[in-house]
Amino acid sequence: QLLADPSRMSDNVYIWARLKDGTPLVTATKEVSGWLVLVHVTANSDWSSLPLSGLFVDMLRRLTQLSVAPVARKSKTDAHDKGEIVIKETDEANTLLAPYQVLDGFGQLQKPTATVKPIAFQNLKSLKTNAVHPPGFYGPAEQSVALNLFPQSGPLKALNMNAMNATLHSYQFKAPFNLRAPLFVSALILLLIDSLLVLWLRGALAISLPRSKTAAPVIALCFMAISLFTTTPIFAQDEKRQAFQLKSALNTHLAYVKTGNKEIDTVSRQGLRGLTYILHTRTAVEPLEPLGVDITSDELAFYPVLYWPVGPYTKPISEKVALRINAYMKHGGMIIFDTKDQNSRTAGLQGKSQLALEALLSKLDIPRLEQVPKGHVLTKSFYLLSSFPGRYQQGALWVEATKRSGT
Numbered sequence: 003q004l005l006a007d008p009s010r011m012s013d014n015v016y017i018w019a020r021l022k023d024g025t026p027l028v029t030a031t032k033e034v035s036g037w038l039v040l041v042h043v044t045a046n047s048d049w050s051s052l053p054l055s056g057l058f059v060d061m062l063r064r065l066t067q068l069s070v071a072p073v074a075r076k077s078k079t080d081a082h083d084k085g086e087i088v089i090k091e092t093d094e095a096n097t098l099l100a101p102y103q104v105l106d107g108f109g110q111l112q113k114p115t116a117t118v119k120p121i122a123f124q125n126l127k128s129l130k131t132n133a134v135h136p137p138g139f140y141g142p143a144e145q146s147v148a149l150n151l152f153p154q155s156g157p158l159k160a161l162n163m164n165a166m167n168a169t170l171h172s173y174q175f176k177a178p179f180n181l182r183a184p185l186f187v188s189a190l191i192l193l194l195i196d197s198l199l200v201l202w203l204r205g206a207l208a209i210s211l212p213r214s215k216t217a218a219p220v221i222a223l224c225f226m227a228i229s230l231f232t233t234t235p236i237f238a239q240d241e242k243r244q245a246f247q248l249k250s251a252l253n254t255h256l257a258y259v260k261t262g263n264k265e266i267d268t269v270s271r272q273g274l275r276g277l278t279y280i281l282h283t284r285t286a287v288e289p290l291e292p293l294g295v296d297i298t299s300d301e302l303a304f305y306p307v308l309y310w311p312v313g314p315y316t317k318p319i320s321e322k323v324a325l326r327i328n329a330y331m332k333h334g335g336m337i338i339f340d341t342k343d344q345n346s347r348t349a350g351l352q353g354k355s356q357l358a359l360e361a362l363l364s365k366l367d368i369p370r371l372e373q374v375p376k377g378h379v380l381t382k383s384f385y386l387l388s389s390f391p392g393r394y395q396q397g398a399l400w401v402e403a404t405k406r407s408g409t
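Just so we're aligned, residue 3 is where the sequence shown starts under this note's numbering, counting upward by one.
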């Protein structure tokens with residue numbers, strides 16, 4: 003491990019990252035052929051966990067972008083005739099950068115068309131965008147450089163709206179109107195009318211239509227009144243629930259059952275938020291902010307894991323809710339019931355949380371449980387585990403009993 007001393011660094015050494023106490027973590031210096039970058043950590047986790055983290059991979063990706071900037075450097079070659087040293091320019095600066103992604107007229111990155119031409123690296127800064135060289139990224143995917151729409155010289159200035167004599171208005175957002183109910187009712191009415199007309203044309207119905215001039219408007223008004231009285235009103239609560247379900251379906255979230263107790267719900271949310279952070283840093287799973295669900299009304303199929311705190315505050319569930327929970331578990335959902343009564347269980351007492359859990363499980367189709375046996379899949383999930391420590395070292399973890407022959 004090489005430690006850098008900031009007091010002895012020359013002016014051509016740059017500190018790109020440092021610790022809170024000022025110790026340089028990443029230093030770099032410009033050489034003739036490129037950059038020399040030093041990361042001042044050990045190759046293992048004895049001094050820092052940086053080499054084993056995903057951040058280190060992102061740092062290396064950013065560093066590889068510097069290698070796409072070739073430098074016109076001079077090289078020495080021996081002349082064949084006189085043996086003298088001849089200085090000649092290399093042609094690395096004329097490296098062509100193929101288009102990788104370009105901006106379309108709507109400002110969206112798209113794949114380049116056949117009319118887009120590559121750009122020589124030495125012309126990148128002075129080149130102005132045009133039809134054959136649109137703004138975007140040029141070069142390899144991991145080492146692409148940007149051709150900006152506007153020149154980089156000079157600061158950007160805010161648009162002067164006073165000179166335009168314009169009036170500013172904020173964007174007015176209107177909630178969508180649900181037309182499912184009136185459309186279904188209209189389709190049903192048209193289906194009934196079509197069925198009656200078909201029966202009438204076949205002679206199955208003897209219907210004499212009125213010949214009065216006012217009959218047609220009266221019939222039309224009757225149909226309109228029927229459609230108005232049979233439509234289902236749209237409530238703001240339904241729209242809010244639909245937005246919540248859409249948010250749950252589009253992304254992965256860990257969820258907890260809301261108990262109605264503000265303190266308990268806050269603890270549940272903060273605990274799942276910490277678990278979400280651990281999943282982000284240690285696994286490829288990237289769930290978003292945990293959500294609280296109403297066990298009696300919200301759809302459960304969107305959530306892979308459901309945390310359910312159980313205690314005296316737990317309300318009894320109906321048979322309909324029990325069927326929804328059973329269907330959730332049978333289709334792969336996992337529920338973690340937490341009675342939070344380890345202190346009383348250690349003393350051999352049966353608290354109110356245990357009674358609430360027994361009342362809850364009596365209505366659910368729970369398989370036979372057993373303590374985690376030796377060699378269970380949970381002991382080999384991410385690390386080899388011989389126990390499952392948590393807040394209490396001797397806590398028992400119960401899982402679904404494995405099927406054995408003869409049982």
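Beta carbons: idealized from backbone N, C-alpha and C, even for Gly.
query	result
For Gln145, name the three-state secondary structure that DSSP assigns.	helix
Measure the CB-CB distance between Thr341 and Val323 and report whether it falls below 7 Å.	no
With C-beta atoms as the reference, is Val401 less than 7 Å away from Val374?	yes
Identify which residue in His282, Lys176, Thr44, Pro114 has its Cα closest to the Cα of Gly56.	His282
In whole angstroms, what is the alpha-carbon distance linking Leu359 and Leu386?	31 Å
Thinking Thr29 and Leu40 are a contact (beta carbons under 8 Å), I'd like their distance in whole angstroms, please.	5 Å
For the candidate residues Leu98, Val118, Lys176, Asn263, whose alpha-carbon lies nearest to that of Pro314?	Asn263
Helix, strand or coil: how does DSSP classify Leu198 here?	helix
Rounded to whole angstroms, what's the CA-CA distance from Ile337 to Phe58? Just pull it up for me.	35 Å
Please work out which residues of its chain come closer than 8 Å, Cβ to Cβ, to Glu291, disregarding the five sequence neighbours upstream and downstream, and give them in chain order.	His255, Arg275, Thr278
Can you name, in chain order, every residue of its own chain whose Cβ lies under 8 Å from the Cβ of Ile327, other than the five neighbours on each side?	Ile297, Leu302, Ile319, Ile337, Leu366
DSSP three-state call for Ala257: helix, strand or coil?	strand
Using alpha carbons as the reference points, say which of Gly109, Phe175, Ile191, Lys119 lies closest to Leu151.	Gly109
By DSSP, does Ile319 sit in helix, in strand, or in coil?	coil
Here's the rule: buried if 16 or more other CB atoms are within 10 angstroms of the residue's CB, otherwise exposed. What is Val287?	exposed
According to DSSP, Ala122 sits in a beta bridge with which residue or residues?	Leu98
In chain order, what residues of the same chain lie with their CB nearer than 8 Å to the CB of Ala251, ignoring the 5 residues before and after it?	Phe304
Start and end of the alpha helix (DSSP H) containing Leu366?	Looking at the DSSP string, Leu366 is not in any alpha helix (DSSP H), and its letter there is neither H nor E.
Using the Cα positions of Lys159 and Phe179, report the straight-line distance between them to the nearest angstrom.	41 Å
Tell me the DSSP secondary structure of Asp340 in three-state form.	strand
Spatial neighbours of Ala19 within its chain, please: C-beta separation below 7 Å, excluding the five flanking residues on both sides.	Leu27, Val28
Who are the Cβ neighbours of His135 in its own chain at under 8 Å, not counting the five residues just before and after it?	Val118, Lys119, Ile121, Leu129, Leu149
Determine the closest residue to Trp37 out of Leu68, Leu21, Thr381, with distance taken between C-alpha atoms.	Leu68
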